[in-house]
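*Asks:* Quick note on the working numbering: the sequence shown kicks off at 50 and runs consecutively.
First the structure, which I've put down as structure tokens, then a few questions once you've had a look.
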Amino acid sequence: MKVSFAPKLAGINPYQEKLASGLADLSVQLQGVEWHRAYLPAAVSAWEPDIIHLHWIHQYFDSPNPLRSLIKFVKFFLGLVVLKFQKKTIVWTAHNLKSHDSKRPWLDVVATKWVIRLADGIIVHSAAAKQDILDTFRVNSSSKLFVIPHANYIGQYPNTITQADARAQLSIAPSEFVFLFFGLIRAYKGVPDILDAYRQLSGDATLRLLIAGAAKDTVLLEQIQHYAESNPTITLDVRFIPDEEVQVYMNASDVVLLPYRQFLTSGAVLLAMSFARACIAPRQGCIPELLDDDDAFLYDPAQPDGLLNAMQTALEQRGRVTQMGQHNYTKAQQWSWEWVAQRTQDVYEKCLQWGEP
């Protein structure tokens, strides 16, 4: 079986790399299509794949120039129509339904509608995401939607440093209770909510808020820096964190904060679980399929003080967090990349069978 990943985003997200490795072990041959090659029939013609597996589709038409966006958009979707006439099988993994950084949000909506219509199979990471697509885009049949949970990141990153050594590197005292936000710093991930809740926390323990990750939003970055300058218990590392340093931040923390306002997929949750961390997250979307009250402090996002109360509870129940983290790690082990690759290959085969005369 020959498969083209489109677009290929090497070095940005380990998802494709790990999935490709698992598929290769199943004798699936893979080709990556660069994001700038919007007309896919030309990009894959020499390879002649059995499957065109779409991922982050907005990469093909997002541009600072409106006219260029529209031209790329037309090329991309004309290409999909041509591929359908060529009897090619199209699979899409719905990592998100719209780009969080899109310069043309309306194009995202139109693109998602057409990809849902043209795709032979759609992979989502949770039952909640499947239902979201069914409800939002009024899909008549759910038969072409397949739920394959996001795989864990166990072994993806080094994980040998102790909590004591990790905290020593970051100048954090052993007695401090550490909340961690890790990853790209964006408003939709609830970073402003974290800052507001952290300011209101009370307790006899010494607190620390650790925020680590790159930021594109200069206004949000200035807001975070302003908070940090006025509160010495907030530690910032505003840069892309290299793979070998992920373990330092994860293992230095007690609880990972995941107060995302939008949760279609679950990579950040699996990362925290893979490092045996307890989590704080809203009880919505895919979260209840991954976390429960035995391994997380879940809250109702509709409640104004939901995040604050969850953080306060974590602080008051600090003696539980290590056990909760271990529970997360054990649970995450079931979602290996080998298992996800096998399930993905099963989707490929089913879609190919549907296309047989």
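Backbone N, C-alpha and C fix where the C-beta goes; we use that ideal spot for every residue, glycine too.
From a predicted model like this one, the values you see are computed outputs, not experimental measurements.
Under three-state DSSP, which class holds Ile243?
*Replies:* DSSP places Ile243 in helix when its eight states are reduced to three.
*Asks:* For Ile197, which three-state DSSP category applies?
*Replies:* In the structure shown, Ile197 sits in coil (DSSP, three-state: anything other than H, G, I, E or B).
*Asks:* Run through the DSSP bridge pairs and tell me what Thr138 is partnered with.
*Replies:* Thr138 is bridged to Ile100.
*Asks:* Count the other CB atoms within 10 Å of the CB of Val130; is the residue buried (16 or more) or exposed (fewer)?
*Replies:* Exposed, by the Cβ-count rule.
*Asks:* How would you write the range of the alpha helix (DSSP H) that Gly374 sits in, first residue to last?
*Replies:* Residues 370-381.
*Asks:* Is any heavy atom of the ligand GDP found at a distance shorter than 6 Å from the C-beta of Asp181?
*Replies:* Looking for the ligand GDP in the displayed structure turns up nothing, as the structure carries no ligands at all.
*Asks:* Is Arg257 helix, strand or coil when you go by DSSP?
*Replies:* Residue state, collapsed to three classes: strand.
*Asks:* In terms of residues, what are the limits of the alpha helix (DSSP H) holding Ser161?
*Replies:* What sits at residue 161 in the sequence shown is Thr, not Ser. 154-167 is the extent of the alpha helix (DSSP H) around Thr161.
*Asks:* Measuring alpha carbon to alpha carbon, tell me which of Glu271, Asp266, Gln249, Val287 ends up nearest Leu259.
*Replies:* Closest option to Leu259, Cα to Cα, is Val287.
*Asks:* Do you know offhand how far Ala327's Cα is from Ala277's?
*Replies:* Their Cα atoms are separated by approximately 24 Å.
*Asks:* Expressed to the nearest angstrom, what Euclidean distance is found between the alpha-carbon atoms of Thr379 and Leu364?
*Replies:* Cα to Cα, the separation comes out at about 23 Å.
*Asks:* Who are Leu306's beta bridge partners in DSSP?
*Replies:* Paired residue(s): Ile329.
*Asks:* Would Asp157 be called buried (16 or more neighbouring beta carbons within 10 Å of its own) or exposed?
*Replies:* Per the 10 Å Cβ criterion, buried.
*Asks:* Applying the 10 Å Cβ sphere with the 16-neighbour rule, what's the burial state of Ala381?
*Replies:* Ala381 is buried by the Cβ-count criterion.
*Asks:* Would you report the Cα separation of Ala321 and Met299, rounded to the nearest angstrom?
*Replies:* Straight-line Cα distance between these residues: approximately 7 Å.
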